[in-house]
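K.L.:
Okay, handing you the structure first.
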Amino acid sequence: MKKYVFLLLTIGLFNNVFSQKNGSIKGVALDKAENKPVSNATVTLLQKKDSMLVSFSMTDKTGKFEFTAIPHGDYRLLVTHVNYHSSHKYFTIDDAHKTNEVNIEMTDKTKVLTEVEIKSEAPPVTLIDDTVQYNAGSFKTLPHASVEDLLKKLPGVKVQKDGTIKAQGEKVQKVLVDGKEFFGNGPKVATKNLPADAIDKVQVYDKLSDQAQLTGFDDGNSEKTINLKLKKDKKKGNFGKVNVGGGSDERYQGKFNVNSFKGARQMSAIGMGNNTNAEGFSFMDILSFTGALSQMQKGNGNVNIQITDDDPIAGLLGNNNTGINTTFAGGFNYNNILGNKTDLQSNYFYSHYNPNKQSNIQRQYFLPDSSYFYNQNSFSNNINNTHRINLNAEYQADSFNSFKITPSLGYQQKQNSTSSAYNTLSQQLIKNNEGISDNLSDNSGYSFSNNILYKHKSHRKGRTFSVNLFTNLNNSTGNGELAALTSFYDKAGMVINSDSINQVNNNSSYLKAYNIKAVYTEPIFKHSLIELSAGQSNNKNKAEKATYEYNSNSGRFDKINPIFTNNFENTYSYTNGGLRFRNQTKKYSYSAGLSWQHAELLGLNKSLKDSVLSKTFYNFLPSARFQYSFTKFKNVTLNYNTSTNQPSVSQLQPVPDNSNPLNIKQGNPNLKQEFIHALRLNIAFVNPFRNRNFFAFVTLQQTNNKIVNYDKINSLGIDTTNYININGVFNMNGTLSWGFPIHFLKGSIDISTNTTMYKGQQFINAISNNIRTLTAGPEVRLDMNPTDKLNMSLTAGLDYYSTKYSLPSARNTNYFRQNYGTEIAWQLPKGYLFSTDFNYSINTQYAQGFNAKVQFWNASLSKQVLHFNRGEIKLSANDLLNQNVG
Numbered sequence: 045m046k047k048y049v050f051l052l053l054t055i056g057l058f059n060n061v062f063s064q065k066n067g068s069i070k071g072v073a074l075d076k077a078e079n080k081p082v083s084n085a086t087v088t089l090l091q092k093k094d095s096m097l098v099s100f101s102m103t104d105k106t107g108k109f110e111f112t113a114i115p116h117g118d119y120r121l122l123v124t125h126v127n128y129h130s131s132h133k134y135f136t137i138d139d140a141h142k143t144n145e146v147n148i149e150m151t152d153k154t155k156v157l158t159e160v161e162i163k164s165e166a167p168p169v170t171l172i173d174d175t176v177q178y179n180a181g182s183f184k185t186l187p188h189a190s191v192e193d194l195l196k197k198l199p200g201v202k203v204q205k206d207g208t209i210k211a212q213g214e215k216v217q218k219v220l221v222d223g224k225e226f227f228g229n230g231p232k233v234a235t236k237n238l239p240a241d242a243i244d245k246v247q248v249y250d251k252l253s254d255q256a257q258l259t260g261f262d263d264g265n266s267e268k269t270i271n272l273k274l275k276k277d278k279k280k281g282n283f284g285k286v287n288v289g290g291g292s293d294e295r296y297q298g299k300f301n302v303n304s305f306k307g308a309r310q311m312s313a314i315g316m317g318n319n320t321n322a323e324g325f326s327f328m329d330i331l332s333f334t335g336a337l338s339q340m341q342k343g344n345g346n347v348n349i350q351i352t353d354d355d356p357i358a359g360l361l362g363n364n365n366t367g368i369n370t371t372f373a374g375g376f377n378y379n380n381i382l383g384n385k386t387d388l389q390s391n392y393f394y395s396h397y398n399p400n401k402q403s404n405i406q407r408q409y410f411l412p413d414s415s416y417f418y419n420q421n422s423f424s425n426n427i428n429n430t431h432r433i434n435l436n437a438e439y440q441a442d443s444f445n446s447f448k449i450t451p452s453l454g455y456q457q458k459q460n461s462t463s464s465a466y467n468t469l470s471q472q473l474i475k476n477n478e479g480i481s482d483n484l485s486d487n488s489g490y491s492f493s494n495n496i497l498y499k500h501k502s503h504r505k506g507r508t509f510s511v512n513l514f515t516n517l518n519n520s521t522g523n524g525e526l527a528a529l530t531s532f533y534d535k536a537g538m539v540i541n542s543d544s545i546n547q548v549n550n551n552s553s554y555l556k557a558y559n560i561k562a563v564y565t566e567p568i569f570k571h572s573l574i575e576l577s578a579g580q581s582n583n584k585n586k587a588e589k590a591t592y593e594y595n596s597n598s599g600r601f602d603k604i605n606p607i608f609t610n611n612f613e614n615t616y617s618y619t620n621g622g623l624r625f626r627n628q629t630k631k632y633s634y635s636a637g638l639s640w641q642h643a644e645l646l647g648l649n650k651s652l653k654d655s656v657l658s659k660t661f662y663n664f665l666p667s668a669r670f671q672y673s674f675t676k677f678k679n680v681t682l683n684y685n686t687s688t689n690q691p692s693v694s695q696l697q698p699v700p701d702n703s704n705p706l707n708i709k710q711g712n713p714n715l716k717q718e719f720i721h722a723l724r725l726n727i728a729f730v731n732p733f734r735n736r737n738f739f740a741f742v743t744l745q746q747t748n749n750k751i752v753n754y755d756k757i758n759s760l761g762i763d764t765t766n767y768i769n770i771n772g773v774f775n776m777n778g779t780l781s782w783g784f785p786i787h788f789l790k791g792s793i794d795i796s797t798n799t800t801m802y803k804g805q806q807f808i809n810a811i812s813n814n815i816r817t818l819t820a821g822p823e824v825r826l827d828m829n830p831t832d833k834l835n836m837s838l839t840a841g842l843d844y845y846s847t848k849y850s851l852p853s854a855r856n857t858n859y860f861r862q863n864y865g866t867e868i869a870w871q872l873p874k875g876y877l878f879s880t881d882f883n884y885s886i887n888t889q890y891a892q893g894f895n896a897k898v899q900f901w902n903a904s905l906s907k908q909v910l911h912f913n914r915g916e917i918k919l920s921a922n923d924l925l926n927q928n929v930g
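Residue numbers (this note's numbering): 45 to 930.
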């Protein structure tokens, strides 16, 4: 911790020392002909020698502007306005000129004499209403850079190591190309594939929801969006990129993208293949079958429908975080304007994903009166093939009516193979059991969803009507094989029992769902409106599993096992109606509403007689929102909402899952729906002119009838997991972030801290175990550009973890995790480029025999070749210290 204190004190000392060598400049922008002030002009402060951006601002109503805390040096002041020709002035900050005052005269474009030649210059950053626009040419990037590399240069935009983008402190949800989606909603697809030199402008803004665009009232559901405006020559031409590589240990990787744009028509093809765990263009953002249900979740606003990893459809998806992954993927994107009224966006995507994973697990389990140890070695080999087609067509019938249809079709095949060897030991390290298992499965399934939205607005602003119909159909079938042998021992080490499993199973599942919602808004005052809504939803799940034992008499798997055979149907439907009042002014906005919900949950187990579950829920779901804007970029927002969450099929289905012989899971058909209260506070203070920002995000959540595990562990060490409802589960997540420039290092620094608190409960052998966890820690990141040819970043993070249990025998844990890293990209003479990254992590909680300290180092050296440096030869080395442990 002392290291961080020293770092912060050092930063403060540097700021104090260099603030003594700072100056200021202020002035007024004036119309040259009429000698009147020019308001809302963009004023950009640039270094004289290389035109690098220092800061930017806008003139006020009287045409005034001011910059302070400017380090000593020579500068150029550029003033631009849409109705005036650009003007600039040079000035110097030194001991003799600490304060500068200037008047900038601007010439009206409509009054320029023909014999006078005035050249315009695009400023690096421009404010257009609520949009921050960056001129891409003002930010220098290395050769063959991607859009992701360009975004790292923009003030107020941060790109994390995994490619996640944050703008003005918020996560970017969409990246558009000339206003159109690029291969669906995945923001990383465009940023990782399109070249930086194809971009003319980068626009950052909050994209309002369809409903907010219709009414003109912000409903709080906006998405942080980046729009990439292409250069004119790219809009009517072809461009792309191809790279291939091979290495030691039979490693290879390749990637390509080809683009053909002409006016409104956009055609792109992308592809990749590797066995180096490189995502390439984040294809996992595109694969998710659960995207259809997330659309339904957004549609009703009050019902949270989830698909967990245990669900048949969601279970088809893979995890690309561990193991050695072999990937082949590619797709095609086509966007165009058909006629004068239809905007079509479409894409197709295919992926082949093959992760191989070898794991070594050592765990300690705590019981009310004792504890035991569990060890497992396993190897898994999975193959996942996915096809997906997305369409988005919007038809503008006239100025007041429009239709939008968004169908999506996906098909997936997945084969899993897992082999495991395991054992458990008592607290005295005496063997309780040991065994081996082989688990095979082969599943296939499809998902089809469609969203139809009709919007109507009248001549009177705020009076609107919309209907949204969402439908979803999922279906999967498969079969599996399970072979396992587990032996159980007494205290003397003698075998007292053996359990042999030799089974095959056939399974199928489907989901049929629809959600329809109608919304009517009526303005009642100058800045207010009333929103009336009504909705109906129906969600029907079915899961069927037939398990057969091996019959030694017939030599076939024809003996049905009734314990592991089940046919379960679950139907969840609701009807709701709501009333909401909204008020919106220039400084503040607020809304308050109340929805009534009638929900029914019907479960039917066809394998058991008289096994019918029928539950009815009546809920009032209040919601409220308040936002106060001090300025355009400084606001405080408080949100409160309530929602319900139904149990998943696997949590309701009373059939045991014995895929892990020592951990058998079984659903509970008597579960109730969860009721969630959520309170969220957002504070955003952004100064885009000086690249300074402060953000605070705090979320409090309380859940009643929370679904938690109920574990029973017998004397043989077999854990049977069931599910029950409890009350009083509490979550808190908080993030603070502070960023500002460090001029003397030609960089910026971000200081952030994250805090998570959880209060929950689980049951072990019918005894309650109350759990309280706390995670907190700061992180510091310093990004520097000492020269145009050198980029550097340094990171340091410290996390503290604390967990407390109520069970007397449980061991409370308190430990630290540290992480340090650096990245360097250096453009050398004669077209060479050297890049390296180093990460050092320390985790004091790892078990003995596992690396608690890991040094991970990668490096590469490349050379530009071919005409106009359009080619590159690169030599790269991963994990130079051979420390990677997954």
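Here a beta-carbon is modelled for each residue, glycine too, at the ideal position from N, C-alpha and C.
Report, in whole angstroms, the separation of the C-beta atoms of L872 and W901, which I expect to be a contact under 8 angstroms.
P.N.:
Contact doesn't hold; Cβ gap of about 20 angstroms is too wide.
K.L.:
Quick one: is P713 buried, meaning 16 or more other Cβ sit within 10 Å of its Cβ, or exposed?
P.N.:
buried
K.L.:
What is the residue span of the beta strand (DSSP E) that T269 lies within?
P.N.:
E267 to L274
K.L.:
Can you tell me the Cα-Cα spacing of N380 and V191, whole angstroms?
P.N.:
23 angstroms
K.L.:
Express the C-alpha separation of F410 and T468 in angstroms, rounding to a whole number.
P.N.:
So the alpha carbons of these two residues sit roughly 13 angstroms apart.
K.L.:
Please give the ranges of any beta strand (DSSP E) in the stretch 397-464, keeping only runs that are unbroken, at least 3 residues long and fully inside the region.
P.N.:
415-440
K.L.:
Going by other Cβ atoms of all chains shown within 10 Å of its Cβ, with 16 needed for buried, is V699 buried or exposed?
P.N.:
buried
K.L.:
Do the stretch 718-731 and the stretch 548-558 meet, that is, are 3 or more Cβ pairs less than 8 angstroms apart?
P.N.:
With the cut-off at 8 angstroms, the stretch 718-731 and the stretch 548-558 do not touch.
K.L.:
Would you give the residue range spanned by the beta strand (DSSP E) that N683 belongs to?
P.N.:
K678 to N689 is the span of the beta strand (DSSP E), which, as asked, contains N683.
K.L.:
Taking Cβ to Cβ, would you say G821 is nearer than 7 angstroms to T839?
P.N.:
no
K.L.:
Please classify F444 as buried or exposed, where buried requires at least 16 other C-beta atoms within 10 Å of its C-beta.
P.N.:
Exposed: under 16 other Cβ atoms inside 10 Å.
K.L.:
Using the DSSP secondary-structure output, state which residues sit across from E867 in a beta bridge.
P.N.:
S837 and D881
K.L.:
Taking the alpha carbon of V12 as the reference point, which residue from I886, K874 and S879 has its own alpha carbon closest?
P.N.:
In the structure as shown, the chain starts at 45 and stops at 930, and residue 12 therefore has no counterpart that could be examined.
K.L.:
Taking D460 as the reference, which of L526, L453 and D413 has the closest Cα?
P.N.:
Here the sequence assigns Asn to residue 460, which means Asp is not the residue at that position. Selected option, being the one with the closest Cα: L526.
K.L.:
Between R669, N301 and E294, which lies nearest to I368 when the distance is taken from Cα to Cα?
P.N.:
E294
K.L.:
Tell me the start and end of each unbroken alpha helix (DSSP H) in the stretch 171-198 that is at least 4 residues and wholly inside, in chain order.
P.N.:
191-195
K.L.:
Given Q540, which residues of its chain have a CB within under 8 angstroms of its CB, disregarding the five upstream and five downstream residues?
P.N.:
Before going further, note that residue 540 is Ile rather than Gln in the sequence given. For I540, where only same-chain residues beyond five positions count, the Cβ hits under 8 angstroms are F532, Y533 and D534.
K.L.:
Between the Cα of R736 and those of H787, K716 and G761, spot the shortest distance and give me the residue it belongs to.
P.N.:
Answer by Cα proximity: H787.
K.L.:
State the DSSP-derived secondary structure class of S906, mapped to helix, strand or coil.
P.N.:
strand
K.L.:
Does N926 pass the burial test, meaning 16 or more other C-beta atoms within 10 Å, or should it be called exposed?
P.N.:
exposed
K.L.:
Rounded C-beta distance between S253 and T143? I'm assuming under 8 angstroms.
P.N.:
About 47 angstroms separates the CB atoms of S253 and T143; that is not less than 8 angstroms, and the two are not in contact.
K.L.:
When DSSP labels each residue in this structure, what does N809 get in the three-state scheme?
P.N.:
Coil.
K.L.:
So, is N829 buried or exposed, given that buried needs 16 or more other C-beta atoms within 10 angstroms?
P.N.:
buried
K.L.:
I believe Q745 touches I720 by the beta-carbon criterion, under 8 angstroms. Please report the beta-carbon distance rounded to the nearest angstrom.
P.N.:
For Q745 against I720, the beta-carbon gap comes to about 6 angstroms, under 8 angstroms, which counts as contact.
K.L.:
Note down the Cα distance separating F509 from T688, rounded to an integer number of angstroms.
P.N.:
26 angstroms
K.L.:
Which word fits Q471, buried or exposed, when buried means at least 16 other C-beta atoms lie within 10 angstroms of its C-beta?
P.N.:
So Q471 ends up on the exposed side.
K.L.:
Determine the DSSP secondary structure at Q389, reduced to helix, strand or coil.
P.N.:
strand
K.L.:
Would you tell me roughly how many angstroms separate the C-alpha atoms of G711 and G772, rounded to the nearest one?
P.N.:
22 angstroms
K.L.:
Assuming contact is defined by CB atoms lying nearer than 7 angstroms, are L195 and V203 in contact in what I supplied?
P.N.:
For L195 and V203, yes; Cβs fall inside 7 angstroms.
K.L.:
Among A189, A180, T208 and Q217, which has the Cα closest to the Cα of P199?
P.N.:
Per the Cα distances, A180.
K.L.:
How long is the line joining the alpha carbons of I209 and V201, rounded to whole angstroms?
P.N.:
7 angstroms
K.L.:
In three-state DSSP terms, what is F860?
P.N.:
strand
K.L.:
Mark F664 as exposed unless 16 or more other C-beta atoms lie within 10 angstroms of its C-beta, in which case mark it buried.
P.N.:
exposed
K.L.:
Kindly give me the distance between the Cβ atoms of T609 and K589, rounded to whole angstroms, as I take these residues to be in contact under 8 angstroms.
P.N.:
Right, their Cβ atoms sit about 6 angstroms apart.
K.L.:
Go ahead and pull the three-state DSSP assignment for G647.
P.N.:
Looking at G647 - three-state DSSP - the assignment turns out to be strand.
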